[in-house]
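Protein sequence lines, in the order shown, are assigned to chains R and S.
The opening residue of the first sequence carries number 64 in the numbering used here; numbering runs sequentially from there.
The opening residue of the second sequence carries number 64 in the numbering used here; numbering runs sequentially from there.
I have placed the structure first, in the form of structure tokens, so that the comments after it can refer back to it.
Protein chains: 2
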Amino acid sequence: MANIIQPTDAELKILTLLWRHGAMSVRQINEKLNNEKEVGYTTTLKIMQIMLEKGLLTRDTELKSHIYSANIQETNVKNKMIKNLVNQVFGGSRSNLVMQVLGNSNASLEEINEIKEYIKFLESKNKTEE
Amino acid sequence: MANIIQPTDAELKILTLLWRHGAMSVRQINEKLNNEKEVGYTTTLKIMQIMLEKGLLTRDTELKSHIYSANIQETNVKNKMIKNLVNQVFGGSRSNLVMQVLGNSNASLEEINEIKEYIKFLESKNKTEE
DNA sequence: GGTGCAGTACGAAAGTTTTCGTAATTAAGA
DNA sequence: TCTTAATTACGAAAACTTTCGTACTGCACC
Numbered sequence: 064m065a066n067i068i069q070p071t072d073a074e075l076k077i078l079t080l081l082w083r084h085g086a087m088s089v090r091q092i093n094e095k096l097n098n099e100k101e102v103g104y105t106t107t108l109k110i111m112q113i114m115l116e117k118g119l120l121t122r123d124t125e126l127k128s129h130i131y132s133a134n135i136q137e138t139n140v141k142n143k144m145i146k147n148l149v150n151q152v153f154g155g156s157r158s159n160l161v162m163q164v165l166g167n168s169n170a171s172l173e174e175i176n177e178i179k180e181y182i183k184f185l186e187s188k189n190k191t192e193e
Numbered sequence: 064m065a066n067i068i069q070p071t072d073a074e075l076k077i078l079t080l081l082w083r084h085g086a087m088s089v090r091q092i093n094e095k096l097n098n099e100k101e102v103g104y105t106t107t108l109k110i111m112q113i114m115l116e117k118g119l120l121t122r123d124t125e126l127k128s129h130i131y132s133a134n135i136q137e138t139n140v141k142n143k144m145i146k147n148l149v150n151q152v153f154g155g156s157r158s159n160l161v162m163q164v165l166g167n168s169n170a171s172l173e174e175i176n177e178i179k180e181y182i183k184f185l186e187s188k189n190k191t192e193e
């Protein structure tokens, strides 16, 4: 399996938009980015061209305005980022991370219930597999 | 409360060593860093001087070789990093992060049990507070 | 065919972080 | 006191990311 590259901040924002909304032109991405923070069109274009080089994106050049797609799996990137965080500051222990999240200040009852449900689901899934 | 600065990668490594092992000289930090990856002594020194300026560290200059301490709480930094990750790629939902961690490949039974225990503890703590 | 508009390509500047060379400083021992 | 070794101070280069200006391209419309 190819090693997952850790995207930069700007790259991550673009990937997130593509994961969420599907393939888009530079113009469309740039407009969405501008909802949060003003950024020039050619800036966005340049970043996306770099991402293309790195293999983070692919594009369809049929039309005049090229259509870009993410070429890296959302789950993989997220897992990679979690792994980095866990290794950097949680001594490699994922449960330490989870406990820090839950223990922190205002983990709502709702969130905790959601997680309990999910654990139940995982456990039932494991049972089935045995 | 003062706004927590997000430390850079190099800064985070140094903070982690100070949190884990307590106050140290630049020489000592540099040696520990070199266990992982070769880095020049003056590089480490420079980073630590910058961290001092930013207020991330304090130092005792009594002795010739200055002794540095972390001046920022481990928990605060970790929470800040979690918050950033959650905002960047989990749409602000902490439970999404937790579920991604748990659901990922090989969350061991042991880890899950650890987390279940912790949730029980949180719930009992809440009950007591009511 | 010429003009204008929207897009792409690309180099280079600006900003940030990391790295390191070199000079200044201090302390200890000959 | 002089020399040496370890340390600190500091500027600047190197590396990486983001930003943008400008030139080039292709197409539609007149």
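Backbone N, C-alpha and C fix where the C-beta goes; we use that ideal spot for every residue, glycine too.
For clarity, every value in this text was computed on a predicted model and none was experimentally measured.
query                                                                                                                              : result
For I175 (chain R), three-class secondary structure by DSSP                                                                        : helix
Residues of the region 85-105 of chain R whose Cβ lies closer than 9 Å to any Cβ of chain S, in chain order                        : none
Short CB-CB distance (under 8 Å) between M194 (chain S) and chain R                                                                : Chain S is shown from 64 up to 193; residue 194 (chain S) falls before or after that span and cannot be answered.
Span separating the alpha-carbon of K143 (chain R) from that of L108 (chain S)                                                     : 30 Å
Spatial distance of P70 (chain R) from V152 (chain S) (CA atoms)                                                                   : 12 Å
Neighbour flag for L81 (chain R) against chain S, beta carbons, 8 Å                                                                : no
Local conformation of T121 (chain S) per DSSP, three classes                                                                       : strand
N-terminal and C-terminal residue of the beta strand (DSSP E) that A133 (chain S) is part of                                       : I130 to A133
Member of R:S187, R:G155, R:V161 and R:L185 whose CA lies at the smallest distance from the CA of I182 (chain S)                   : R:V161
Buried or exposed by the 16-neighbour rule on C-beta atoms within 10 Å, applied to E74 (chain R)                                   : buried
Among S:Q91, S:G166 and S:L126, the one whose alpha carbon lies nearest that of K188 (chain R)                                     : S:G166
Cut-off 8 Å between Cβ atoms - residues of its own chain near L119 (chain S), not counting five sequence neighbours on either side : I68, P70, E74, L78, A133, N134 and I135
Terminal residues of the alpha helix (DSSP H) in which T79 (chain R) lies                                                          : D72 to H84
Cross-strand partners of S88 (chain R) (DSSP beta bridge)                                                                          : R:I130
Nearest residue (CA-CA) to T138 (chain R), options R:W82, R:M114 and R:I178                                                        : R:W82
Residue-chain proximity (S187 (chain R), chain S), Cβ-Cβ < 8 Å                                                                     : no
Of the residues S:I113, S:I92 and S:M114, the one placed nearest Y104 (chain S), counting alpha carbons only                       : S:I92
Closest residue to E99 (chain S) among S:K76, S:E173, S:Y131 and S:I130 (Cα-Cα distance)                                           : S:K76
R157 (chain R), buried or exposed, once every other Cβ within 10 Å from all chains shown has been counted against 16               : buried
Buried or exposed (CB count within 10 angstroms, at least 16 for buried), L96 (chain S)                                            : buried
Counted within 10 angstroms of its Cβ, other Cβ atoms place K141 (chain R) as buried (16 or more) or exposed                       : buried
Test item: CB-CB of V149 (chain S) and I145 (chain R) under 8 Å                                                                    : no
L185 (chain R) beta carbon less than 8 Å from that of I178 (chain S)                                                               : no
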